[in-house]
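**Student:**
2 protein chains.
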Amino acid sequence: MLTTDGSTRSACRIGDSIPKNILRPEIRNGLLASLPLNELELLRPRLEPFVLEFESILYEVGKPIEHIYFPCSGVVSLLAKVNGNSTIEVGLIGNEGMAGVSAFLGAPLSPSRALIQGAGDAFRIKTADLDRYGGALNRHLLLYAHYLMVQISQSAACYRFHPIEQRLARWLLMTGDRMESNEYSITQDFLSNMLGVRREGVNRAAGVLQKKNLISFSRRNIVTIDRSGLEGTACECYEKIREEEKSLR
Amino acid sequence: MLTTDGSTRSACRIGDSIPKNILRPEIRNGLLASLPLNELELLRPRLEPFVLEFESILYEVGKPIEHIYFPCSGVVSLLAKVNGNSTIEVGLIGNEGMAGVSAFLGAPLSPSRALIQGAGDAFRIKTADLDRYGGALNRHLLLYAHYLMVQISQSAACYRFHPIEQRLARWLLMTGDRMESNEYSITQDFLSNMLGVRREGVNRAAGVLQKKNLISFSRRNIVTIDRSGLEGTACECYEKIREEEKSLR
DNA sequence: TCAATACCGTGCGACACCGCACAGATGCGG
DNA sequence: CCGCATCTGTGCGGTGTCGCACGGTATTGA
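Chains as they are written, first to last, in this note's numbering: chain A, 1 to 249; chain B, 250 to 498.
(1) 8 Å is my cut-off, CB to CB: does S153/A come that close to chain B?
(2) Below 6 Å CB to CB, which residues in the same chain sit around S402/B once its five sequence neighbours on both sides are set aside?
(3) Kindly indicate the opening and closing residues of the alpha helix (DSSP H) around N199/B.
(4) Pairing CB atoms from the stretch 57–72 of chain A with CB atoms from the stretch 106–115 of chain A, are three or more of them under 8 Å?
(5) Identify every residue that forms a DSSP beta bridge with A376/B.
(6) Quick check on the DSSP output: what are the complete alpha helix (DSSP H) runs of length 4 or more inside the stretch 457–482 of chain B, in order along the chain?
(7) Whole angstroms are fine: how far does the CA of I342/B sit from the CA of L327/B?
(8) Starting from the Cα of L301/B, find the closest Cα among R295/B, Y318/B, N442/B and give me that residue.
(9) Cα separation between C235/A and Q166/A?
(10) A205/A and I241/A - do their beta-carbons sit closer together than 8 Å?
(11) Nearest to L354/B by alpha carbon, out of E338/B, T376/B, D370/B?
(12) So, at 8 Å on beta carbons, what are the nonlocal neighbours of F123/A in its own chain, with the 5 sequence-adjacent residues on each side left out?
(13) Tell me, please, whether the CB atom of I374/B is closer than 8 Å to any CB atom in chain A?
(14) If you follow the alpha helix (DSSP H) that F104/A is part of, which residue opens it and which one closes it?
(15) Could you tell me the distance, in whole angstroms, from the CA atom of A265/A to the CA atom of L392/B?
(16) Between which two residues does the alpha helix (DSSP H) holding G279/B run?
(17) Can you tell me whether A368/B is helix, strand or coil according to DSSP?
(18) May I ask you to list, following chain order, the residues of the stretch 353–369 of chain B that have a beta carbon less than 9 Å from some beta carbon of chain A?
(19) I want to verify the contact list: residues of chain A whose CB lies under 7 Å from the CB of T496/B, in sequence order.
(20) Closest Cβ-Cβ distance between V75/A and chain B: below 8 Å?
(21) Could you check whether the stretch 426–442 of chain B touches the stretch 193–209 of chain A, counting it as contact only if at least three pairs of C-beta atoms, one from each stretch, sit closer than 8 Å?
(22) Kindly list the residues whose CB is nearer than 6 Å to the CB of Q400/B, restricted to its own chain and excluding five residues on each side of it in sequence; keep chain order.
(23) Using the three-state DSSP reduction, which class does I22/A fall into: helix, strand or coil?
(24) Using a Cβ-Cβ cut-off of less than 8 Å, give me the residues of the stretch 337–351 of chain B that come near chain A, in sequence order.
(25) Quick check: what's the CA-CA separation for L292/B versus G176/A?
(26) In the DSSP assignment, find the unbroken beta strand (DSSP E) run with L58/A in it and report its ends.
(27) Hey, how far is the Cα of A99/A from the Cα of G456/B?
(28) Does chain B have any CB closer than 8 Å to the CB of Y159/A?
(29) Output yes if chain B places a C-beta closer than 8 Å to the C-beta of N21/A; else output no.
(30) Quick check on the DSSP output: what are the complete alpha helix (DSSP H) runs of length 4 or more inside the stretch 417–448 of chain B, in order along the chain?
(31) By the 10 Å Cβ neighbour count, where 16 or more other Cβ atoms means buried, how is D189/A classified, buried or exposed?
(32) From the DSSP output, which residues share a beta bridge with G91/A?
(33) Name, please, each residue of chain B whose Cβ falls closer than 7 Å to the Cβ of V150/A.
(34) Terminal residues of the continuous alpha helix (DSSP H) containing I314/B?
Below you can see the structure in the form of structure tokens.
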């Protein structure tokens, strides 16, 4: 990966990646890729390449959903706002899915904030343009909507019952699955907003994971060292969600 | 309402109601009712009246969804199982909606347990039969799927940030909106499974609400006394979900 | 009618997480 | 290269909920 200072590193530096595949004809989004060729061709003229920039916001709570995004790389977080200032992640979207499900389901306004949590690239289509299609596209998108509901439900239960350490492990795994690297650049503060806890809580939990030699972290940098160890530490929610993913293919 | 001992009471005794409108031609389910007449007539031959019996289970986690239910009265809880034995409510369905959204979205197996939390009656249709229809039915059902996602997301955040007392208030309001009475028969133990807390926690929280003269409760019986007072005590989640409900109509 | 069961009320120590405070480390711009 | 903003590490008291224990009261059924 090319960083701003010109050096090369294996890390997935969230925020400074410059997608290179944006002009490539291959569709690296799971939903689009699983379409029959003829349906994809119908859709293609409406698809517009789009760069997902770190920390930019696709949708804001209560604002219109103008485009639906099909990520080819990168990660999008769905965030709910609570108590005025707190935020909490209720969904995580990678190149297996799409952002803007609610619009597809017919809702004009976004129920959550969609935040680019890992830079990447995507195709997007105007919400109005998507309405015209049906067939296999519909089937796939609907099934994905279902998957997202499962993910959200599981998160609800997870927030209620599982300690920070397990939630952090799950988050690292789920994000890892959607990124191309096992090393990312992210602040504890950012993570605290994802997990719905204080920054200090993230610090403690990460410390525990590091002591167990599952991850290593320092300023703005987290590396997963022992992936299967993390799976053992994470709560059941990770496995459950992953199981549900299989039905998407 | 007729109770088992033959006496009449205004309470909504969850569990022993004998729906009387099951033979009436009117459709008291919001989703079905909002269909254009011609579409409803197409669907009608496939619709089968069904009695929702208290504490019976419509779907079990991981089991097939054979029918989709459109309640005309009564309440259905969607429950997620966590940590083996704990359960937590991630969705609540009344006559504004339907149970089995996942099947409609194309998922063959149920991601959650669907438990009749308040007796009533419904129409149901074989999952396979529903697939053939489109048009306004689709639009409505999709929008409802969206609404349910909002509800689940909000619950996730709610479980994380809001104390039992507020969650209980919200639960009473949401359930009240879907029942025909402001008095219901329910055990603290049952409630604890809905809210994902211990029975003792429910007891304390209910005690506080009672002291504030918002509810009154005794063995298996809860009465909401001051509805608007409850709204003041409940967390923001109630209002947010209610707001989203408006878009269903 | 009496015993078994279901349900409710409460007290107490444990613990996870919070809120706050503050000091140290790192990186960036002038 | 220095100053300032950002990010990190840690300590301490407070609070909400848990886990457990146990006694009380209503309901049910033989």
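Virtual Cβ for every residue (Gly too), placed ideally from N, Cα, C.
**Tutor:** So, to answer that:
(1) Put simply, the CB of S153/A is near chain B, with a gap under 8 Å to one of its CB atoms.
(2) So no residue of the chain qualifies.
(3) Nothing about residue 199/B can be read from this structure; chain B reaches only from 250 to 498.
(4) yes
(5) Checking the sequence shown, residue 376/B turns out to be Thr, not Ala. DSSP lists no partner for T376/B.
(6) Fully contained in the stretch 457–482 of chain B are the following alpha helix (DSSP H) runs of length 4 or more, in chain order: 476–482.
(7) 8 Å
(8) Y318/B
(9) 5 Å
(10) No. Outside cutoff.
(11) When each option's Cα is compared against that of L354/B, the closest is T376/B.
(12) I27, N29, L32, L47, E48, P49, F50, Y69, F70, C72
(13) no
(14) Taken as a continuous stretch (DSSP letters only), the alpha helix (DSSP H) holding F104/A covers 101–104.
(15) Nothing about residue 265/A can be reported from this structure: the residues present for chain A run from 1 to 249 only.
(16) Counted as a single uninterrupted DSSP element, the alpha helix (DSSP H) harbouring G279/B occupies residues 279–282.
(17) coil
(18) F353, L354, G355, A356, P357, L358, P360, S361
(19) According to the sequence displayed, residue 496/B carries Ser and not Thr. By Cβ distance, chain A contributes A107.
(20) no
(21) Flag = no, the stretch 426–442 of chain B and the stretch 193–209 of chain A do not touch.
(22) So the qualifying residues of the chain are G340, I490.
(23) For I22/A, the predicted structure reports a pLDDT of 34, less than 50, and the residue's modelled location is therefore unreliable. A value from the coordinates is still provided. Here I22/A sits in helix by DSSP.
(24) Answer set for the stretch 337–351 of chain B: I337, V339, G340, V350, S351.
(25) 45 Å
(26) 57–59
(27) 43 Å
(28) yes
(29) Residue confidence is low: N21/A scores 35 on pLDDT, short of 50, so the model does not pin down where it sits. No coordinate-derived value is stated.
(30) For the stretch 417–448 of chain B, whole alpha helix (DSSP H) runs of length 4 or above, ordered along the chain, are 437–444.
(31) exposed
(32) L78/A
(33) P360
(34) Element bounds for I314/B: n/a, residue is neither H nor E.
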